[in-house]
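Report on the structure given below.
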Amino acid sequence: YSLSTGNVAADFERRRHQFQLKSVKEIASSGDKPFFVFVHLMLPHPPYIWTGSGQPQETKTDDLEWLYLEQVKFAEGYLLDMIDSIKNPEAVIIVQSDEGMKHDDTEWNQKLSDIQWRGVLTAWHIPNSNDAELDAVEPHEILKHVIDKLREE
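Throughout the sequence shown, residue numbering follows this note's numbering, covering 21 to 173 in sequence.
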């Protein structure tokens with residue numbers, strides 16, 4: 021399918037997302053040396069440019085909830101594809117959101133619980149760490165925890 025929809029800003033964002041995914045896959049398969057990659061994905065932030073199946077979002081609708089959920093579905097598949105490309109079982113993988121589900125639309129925000137609005141998703145794979153140890157780590161301290169853990173080895 022073509023990435024171009026005639027919307028220059030949306031087309032740019034789509035190309036940026038594809039470049040990020042391609043780059044992580046290339047780096048992950050580039051050899052045995054340790055590497056550090058930081059990827060900041062603007063997903064599922066507006067503009068809502070993807071359908072859940074990964075096609076360019078061209079539906080004309082004011083239903084922000086539907087557009088958001090479609091982009092969440094896309095982001096989930098996109099992240100899983102990126103993570104699956106990392107074959108090393110000793111890899112440290114951290115997935116963290118920058119904020120909860122808050123939105124510019126005040127009606128949308130009124131529907132959300134405090135946890136949904138302010139909550140930060142944090143998921144990680146850290147070899148040689150146990151669940152109880154990781155559960156005690158605050159999201160803003162995760163990188164320090166990883167560095168400390170790597171120093172122990």
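We put the CB at the ideal spot given by N, CA and C, even for glycine.
By the Cβ-count criterion, residue 94 is buried, with 16 or more other Cβ atoms from all chains shown falling within 10 Å of its own Cβ. With a 10 Å radius around the Cβ and a threshold of 16 neighbouring Cβ atoms, residue 160 comes out exposed. By the Cβ neighbour-count rule, residue 85 is exposed, with fewer than 16 other Cβ atoms within 10 Å of its own. By the neighbour-count criterion, in which a residue is buried when 16 or more other Cβ atoms sit within 10 angstroms of its Cβ, residue 130 is exposed.
Rounded to whole angstroms, residue 157 and residue 55 show a C-alpha spacing of 23 Å.
For the pair residue 64 and residue 92, the CB atoms are nearer than the 7 Å cut-off. The residues 105 and 106, in chain order, have a CB closer than 6 Å to that of residue 48 in the same chain once the five nearest residues on each side in sequence are set aside.
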